[in-house]
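Worksheet: the structure to be examined is printed underneath.
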Amino acid sequence: MTFWSKVFTVTLLGWVLGGCTKDGQLTEAKKNVVMVEVTSQTWDYRLPWNPGTVSSARGAGFVIRGKRILTNAHVISGARYITVQREADPRKYPAKVKFVAHDCDLAMVEVEDPEFFKGTTALALGNIPELESVVSVYGFPIGGDRLSVTRGVVSRIDYNAYTHSGRESHLAIQIDAAINPGNSGGPVMQADKVVGVAFQGFRGDVAQNVGYMIPTPVIRRFLQDVEDGKYDHYVDIAIRWMTLENPAMRKYLGRPDDGLGVVVTDIFSEGSSDGILQKGDVLLSIDGHPIESDGSVRLQGQPVQLEEIVERKFAGDPVELELWRNRKLDRATLKLRPAEMFSMYEFLYEPSPRYVLYGGLVFQPLTSNLMGMLAGSADLRLRQTYSLFGQDQIYRETPEPVILSSVLPDPLNVYLRGLAGQVVREINGKRIRTLADVEPALREGGERTVIRFEGDQRPAVLKKAEVDLATPRIMAQYGITEVSRSGIEGRRLAKGSYSRTESK
Amino acid sequence: MSSAFRFLILFFLAFSVQGRTAGLGESRGSLVRVRTSIQPFDQFRPWQKKSPFGLSGTGVVLPGGMVLVTASLVANRTEVGLEKPGSAEKCAAEVEAIDYEANLALLKPTNAEFLKGFSGVALGNNLKAGDTAEVWQLERNGEMLRNQAEILSAGVGRYPSDEAGFLVYGVRVSLPKRDDSYTLPLMRNGMLSGMMMAYDRDSQEGTAIPVPMIEHFLKDSADGKYEGFPTLGVSWSPLRDPNLREEVKAPSTGGILLTRVNTIGTAGRAGLKEGDVLLAVDGFKLDEDGNYRDSLYGPTSIGNLVRTRPYVGTHAKFRISRDGNEIELSGSYDRRARDEVAIPSLQFDVAPRYLILGGLVFQELSGVYLQEWGDKWSERAPQRLVQLFSFQQEMKLDPKKRVVFLSQVLPSSMTAGYQHLSGLVVTGCNGKQVGNLEELASIADSAPDGNLVFELMDDPGKLVLDASEVKSGGEKLCKAYGIPALRKL
Numbered sequence: 012m013t014f015w016s017k018v019f020t021v022t023l024l025g026w027v028l029g030g031c032t033k034d035g036q037l038t039e040a041k042k043n044v045v046m047v048e049v050t051s052q053t054w055d056y057r058l059p060w061n062p063g064t065v066s067s068a069r070g071a072g073f074v075i076r077g078k079r080i081l082t083n084a085h086v087i088s089g090a091r092y093i094t095v096q097r098e099a100d101p102r103k104y105p106a107k108v109k110f111v112a113h114d115c116d117l118a119m120v121e122v123e124d125p126e127f128f129k130g131t132t133a134l135a136l137g138n139i140p141e142l143e144s145v146v147s148v149y150g151f152p153i154g155g156d157r158l159s160v161t162r163g164v165v166s167r168i169d170y171n172a173y174t175h176s177g178r179e180s181h182l183a184i185q186i187d188a189a190i191n192p193g194n195s196g197g198p199v200m201q202a203d204k205v206v207g208v209a210f211q212g213f214r215g216d217v218a219q220n221v222g223y224m225i226p227t228p229v230i231r232r233f234l235q236d237v238e239d240g241k242y243d244h245y246v247d248i249a250i251r252w253m254t255l256e257n258p259a260m261r262k263y264l265g266r267p268d269d270g271l272g273v274v275v276t277d278i279f280s281e282g283s284s285d286g287i288l289q290k291g292d293v294l295l296s297i298d299g300h301p302i303e304s305d306g307s308v309r310l311q312g313q314p315v316q317l318e319e320i321v322e323r324k325f326a327g328d329p330v331e332l333e334l335w336r337n338r339k340l341d342r343a344t345l346k347l348r349p350a351e352m353f354s355m356y357e358f359l360y361e362p363s364p365r366y367v368l369y370g371g372l373v374f375q376p377l378t379s380n381l382m383g384m385l386a387g388s389a390d391l392r393l394r395q396t397y398s399l400f401g402q403d404q405i406y407r408e409t410p411e412p413v414i415l416s417s418v419l420p421d422p423l424n425v426y427l428r429g430l431a432g433q434v435v436r437e438i439n440g441k442r443i444r445t446l447a448d449v450e451p452a453l454r455e456g457g458e459r460t461v462i463r464f465e466g467d468q469r470p471a472v473l474k475k476a477e478v479d480l481a482t483p484r485i486m487a488q489y490g491i492t493e494v495s496r497s498g499i500e501g502r503r504l505a506k507g508s509y510s511r512t513e514s515k
Numbered sequence: 002m003s004s005a006f007r008f009l010i011l012f013f014l015a016f017s018v019q020g021r022t023a024g025l026g027e028s029r030g031s032l033v034r035v036r037t038s039i040q041p042f043d044q045f046r047p048w049q050k051k052s053p054f055g056l057s058g059t060g061v062v063l064p065g066g067m068v069l070v071t072a073s074l075v076a077n078r079t080e081v082g083l084e085k086p087g088s089a090e091k092c093a094a095e096v097e098a099i100d101y102e103a104n105l106a107l108l109k110p111t112n113a114e115f116l117k118g119f120s121g122v123a124l125g126n127n128l129k130a131g132d133t134a135e136v137w138q139l140e141r142n143g144e145m146l147r148n149q150a151e152i153l154s155a156g157v158g159r160y161p162s163d164e165a166g167f168l169v170y171g172v173r174v175s176l177p178k179r180d181d182s183y184t185l186p187l188m189r190n191g192m193l194s195g196m197m198m199a200y201d202r203d204s205q206e207g208t209a210i211p212v213p214m215i216e217h218f219l220k221d222s223a224d225g226k227y228e229g230f231p232t233l234g235v236s237w238s239p240l241r242d243p244n245l246r247e248e249v250k251a252p253s254t255g256g257i258l259l260t261r262v263n264t265i266g267t268a269g270r271a272g273l274k275e276g277d278v279l280l281a282v283d284g285f286k287l288d289e290d291g292n293y294r295d296s297l298y299g300p301t302s303i304g305n306l307v308r309t310r311p312y313v314g315t316h317a318k319f320r321i322s323r324d325g326n327e328i329e330l331s332g333s334y335d336r337r338a339r340d341e342v343a344i345p346s347l348q349f350d351v352a353p354r355y356l357i358l359g360g361l362v363f364q365e366l367s368g369v370y371l372q373e374w375g376d377k378w379s380e381r382a383p384q385r386l387v388q389l390f391s392f393q394q395e396m397k398l399d400p401k402k403r404v405v406f407l408s409q410v411l412p413s414s415m416t417a418g419y420q421h422l423s424g425l426v427v428t429g430c431n432g433k434q435v436g437n438l439e440e441l442a443s444i445a446d447s448a449p450d451g452n453l454v455f456e457l458m459d460d461p462g463k464l465v466l467d468a469s470e471v472k473s474g475g476e477k478l479c480k481a482y483g484i485p486a487l488r489k490l
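And the structure:
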């Protein structure tokens with residue numbers, strides 16, 4: 012899931028060090044590029060009570076205005092100890108993460124010691140470079156310990172998946188310079204200005220000389236977002252739309268053959284468009300930009316997807332839409348908000364995994380991390396709950412499906428081990444909608460606790476008195492210090508449109 | 002020196018035990034080579050078939066002059082031929098009865114004289130674990146090779162085209178590589194004890210369809226009307242867990258918990274319900290793991306009790322415990338829970354139905370279609386289709402209807418903007434419900450000029466075509482894509 016395992020390879024290195032770069036540019040970059048060395052801990056969702064495995068990695072970063080250091084989120088995610096080091100100064104300075112934006116793979120790191128910034132000049136941000144123009148990539152990729160520079164040409168400017176988050180797509184710039192592990196977070200320069208942050212590439216066996224950088228509009232948005240002291244998530248119009256290229260469909264909707272408009276096919280409840288847009292609406296323009304029938308709008312003469320308009324905005328910002336509803340022109344204004352209902356598909360890095368332990372039964376909320384751990388062993392129902400969670404708006408009923416993720420063997424649960432991997436429906440008659448529902452529900456009912464699952468699975472039945480007796484034994488046996496970690500702690504969840512005051 | 006010598010002796014001993022060649026006479030009366038040409042249907046291009054291939058097996062001639070083989074030898078056949086061992090005399094054959102679940106088929110030579118002089122093989126007794134038997138193979142010259150086999154196990158296990166399980170023998174045998182080995186008979190004392198259906202050369206173990214299955218199949222097909230093996234139509238869970246027993250108020254011993262009951266199945270129509278504890282079937286007590294005590298095999302899974310022993314139409318008797326009260330219920334065995342489903346799983350020899358409207362290709366969902374996505378079909382195929390198929394009972398799909406879906410789009414001027422769509426379930430068209438392909442076809446055929454509006458279960462929810470363009474553009478579409486017909490219903 013990280014750049015080590017998924018995206019990068021170790022095979023190719025481009026032109027290393029200097030070469031034909033302009034002297035001035037190298038010096039300017041050389042002053043401000045920093046090596047970021049990180050010791051991080053990765054949670055083990057199989058054993059959610061454990062602090063996880065420790066590993067070390069190296070990335071790059073650079074100093075910008077205000078004594079701030081920019082790098083990739085994936086460089087510092089799960090960091091327990093960070094040091095930064097400049098080319099001109101052999102000392103390693105401890106650093107701290109100030110802000111992290113996993114959705115756009117950017118992070119800001121700060122160093123307390125003012126000594127560190129002596130001799131830095133702060134790099135300025137440029138604009139989107141032209142296609143075919145040359146850029147230089149600075150970083151500390153494998154193959155040596157000192158600063159490395161590779162050059163490449165801007166090959167493509169397009170929307171692309173940001174693999175670190177697991178689900179997000181934003182504008183990304185493809186370059187043909189080699190980007191290798193250790194390049195991550197380093198500046199991509201053109202004419203003494205930063206035009207991007209190197210962040211991901213392809214394995215050598217998939218494609219060669221394909222590297223990606225985060226362009227400055229995404230960086231600027233991040234910097235603007237954190238101005239208020241905290242990072243908010245990207246916002247989303249939370250609809251699905253279809254191109255309006257089919258002549259019969261155009262006629263059916265009463266649209267002239269003018270090559271404009273896309274049709275709204277789905278609106279996610281609790282999203283920005285909920286209650287405002289309707290299925291079958293034709294979106295004609297967004298903030299004044301006409302929408303082509305393939306879903307693109309023109310920004311500075313370049314065709315980009317219509318979502319790009321929303322990309323630069325923040326929670327609470329309005330979006331003006333011109334639309335065609337019931338064969339009449341209409342207008343609508345959306346107030347943007349983050350799409351919490353899709354947070355299920357984001358990998359979680361910082362928060363400690365949540366769980367509830369009961370008689371050796373481990374309950375965990377369904378997350379991308381848990382699914383990644385279960386990989387091929389998850390049964391069909393669990394996989395479907397995960398894959399259809401957004402599409403079927405399962406979040407309306409169950410904002411956070413709870414899974415019996417494992418059964419820690421103990422004489423108490425000898426007949427329950429086959430139930431691992433089941434989706435919990437109710438405990439002691441109480442419907443389970445988030446992990447927070449589990450502990451109160453376990454206290455309900457009589458002397459037996461009855462746990463029911465989705466589908467035609469047998470229930471799990473435990474005697475409360477036996478569980479109470481067994482709990483200290485199980486915790487000692489498996490080295491568990493806390494019975495549960497179930498607080499929501501800033502976890503972004505859908506609200507769930509169900510009524511909370513249901514009767515039993 | 003001495004150890005090497007011993008090894009040599011052992012080797013020869015083993016060899017002589019393994020392959021005893023019998024005279025021509027024996028094979029002449031009992032075995033026949035069966036050569037089939039197989040051509041499966043292409044579910045992704047329902048208007049065509051895949052490339053053909055040949056299979057060859059050894060069939061068992063039964064006393065009446067019919068030939069018994071495994072069903073997988075003749076699945077999706079274009080031709081079946083018989084050949085006498087020891088001569089190249091051939092004759093075409095027809096499939097008289099076939100059961101893909103039980104993996105058995107009965108062939109009848111088109112020339113009634115062809116098997117004249119074959120005495121045929123009678124059915125032998127049931128075998129149990131530890132019994133010895135022989136697996137017979139044909140040499141190229143028609144001589145017979147008898148391979149010593151040992152029955153390792155006899156219990157309910159998986160069949161290639163069945164979801165629940167039937168009685169199966171585990172067989173250890175060392176089979177040399179010979180032609181015509183796709184199907185081989187398992188023999189004992191010159192009588193048929195089973196049909197080998199799978200063999201693994203590395204472990205030298207295989208599985209065989211046992212006598213009770215063959216007997217059931219032959220008896221059922223004898224009247225010319227084949228009905229198949231019955232099914233209860235329930236899901237169940239073992240009841241070993243004392244806490245669970247207490248919760249469901251089960252008696253002190255025995256019984257299994259019914260976790261789902263199909264209302265149209267044998268059990269459902271007899272009045273069994275979800276949550277009942279099934280204690281006994283037809284007087285056979287069930288233990289907590291779902292086993293009854295078989296007179297020959299000892300503890301054996303309920304699967305054998307309710308699927309192989311009874312016939313469709315025979316009386317069924319159940320004893321259950323419901324809320325702590327024991328009740329007797331009765332009904333009759335049938336297959337409705339298996340046959341009356343919205344999405345069938347077994348479909349051999351049946352050309353997939355399809356309907357092409359203006360380049361939109363519609364099909365009816367089946368297990369065979371999903372399997373076309375490969376071993377990992379449940380991950381690769383469109384998830385909605387997987388869901389409907391796998392959970393059709395709990396989703397209460399109407400068994401009288403079919404699931405019609407848009408399987409692919411053939412790009413044309415009519416389908417501009419729709420090219421990337423696939424795997425979308427169609428719920429209606431022009432405001433009318435669609436329960437099968439014929440209904441969709443008749444809506445399209447009778448639509449006046451104007452729009453054909455398809456309503457879909459999932460995003461994008463709606464697709465529109467011009468009805469008159471669909472009618473007039475069909476021929477051009479067929480030509481462009483080389484499709485023989487726009488529909489097969």
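Order-wise, the sequence lines are chains A and B. Everything in the first sequence is counted per our numbering, starting at 12 for the first residue and increasing by one. Everything in the second sequence is counted per our numbering, starting at 2 for the first residue and increasing by one. All C-beta atoms, glycine included, are put in the ideal place defined by N, C-alpha and C. None of the values given here were measured: they were computed from a predicted structure.
Could one say the Cβ of residue i lies closer than 8 angstroms to chain B's Cβ atoms, at least one of them?
i	result
residue 515 (chain A)	Any reading at residue 515 (chain A) needs caution, since the residue's pLDDT is 33, under 50, leaving its predicted position unreliable; the model's value is listed next. For residue 515 (chain A), the answer is no, since every Cβ of chain B falls outside 8 angstroms of its Cβ.
residue 367 (chain A)	no
residue 288 (chain A)	no
residue 470 (chain A)	yes
residue 459 (chain A)	yes
residue 243 (chain A)	no
residue 117 (chain A)	no
Return yes when the Cβ of residue j is within less than 8 angstroms of the Cβ of residue i, no when it is not.
i	j	result
residue 195 (chain A)	residue 83 (chain A)	yes
residue 45 (chain A)	residue 71 (chain A)	yes
residue 447 (chain A)	residue 351 (chain A)	no
residue 410 (chain B)	residue 385 (chain B)	no
Answer yes or no: does any C-beta atom of chain A fall closer than 8 angstroms to that of residue i?
i	result
residue 473 (chain B)	no
residue 339 (chain B)	no
residue 419 (chain B)	yes
residue 34 (chain B)	no
residue 391 (chain B)	yes
residue 335 (chain B)	no
Is the region 213-227 of chain B close to the region 179-188 of chain B, with three or more CB pairs under 8 angstroms?
no
Identify each residue in the region 454-486 of chain B for which the Cβ-Cβ distance to at least one residue of chain A is less than 8 angstroms, and report them in chain order.
454, 459, 460, 461, 462, 463, 464, 465, 466, 467 and 470
Could you run through the region 403-437 of chain A and flag, in chain order, every residue whose CB is less than 7 angstroms away from some CB of chain B?
426
Please name the residues in the region 248-262 of chain A whose beta-carbon is closer than 9 angstroms to at least one beta-carbon of chain B, in chain order.
251, 252, 253, 254, 255, 256, 257, 258, 259, 260, 261 and 262
Please list, in chain order, the residues of the region 341-359 of chain B that have any C-beta partner in chain A closer than 8 angstroms.
none
Whether or not the region 354-361 of chain B and the region 303-314 of chain B are in contact is what I'm after, with contact meaning three or more pairs of Cβ atoms, one per stretch, closer than 8 angstroms; do they touch?
no
Check whether the region 357-375 of chain A touches the region 320-328 of chain A, taking contact to mean three or more Cβ pairs, one atom from each stretch, closer than 8 angstroms.
no
Answer yes if the region 430-446 of chain B comes into contact with the region 377-387 of chain A, meaning at least three C-beta pairs across the two stretches below 8 angstroms, and no otherwise.
no
Does the structure place the region 261-272 of chain A close enough to the region 340-347 of chain A that three or more beta carbon pairs sit under 8 angstroms?
no
Would you check if there are 3 or more beta carbon pairs closer than 8 angstroms linking the region 334-341 of chain B to the region 229-239 of chain B?
yes
Taking contact to mean at least 3 C-beta pairs separated by less than 8 angstroms, is the region 481-489 of chain A in contact with the region 435-444 of chain A?
no
Going along the chain, which residues of the region 356-383 of chain B sit with their C-beta nearer than 8 angstroms to a C-beta in chain A?
379 and 380
Contact between the region 398-414 of chain B and the region 360-375 of chain B: three or more CB pairs below 8 angstroms?
yes
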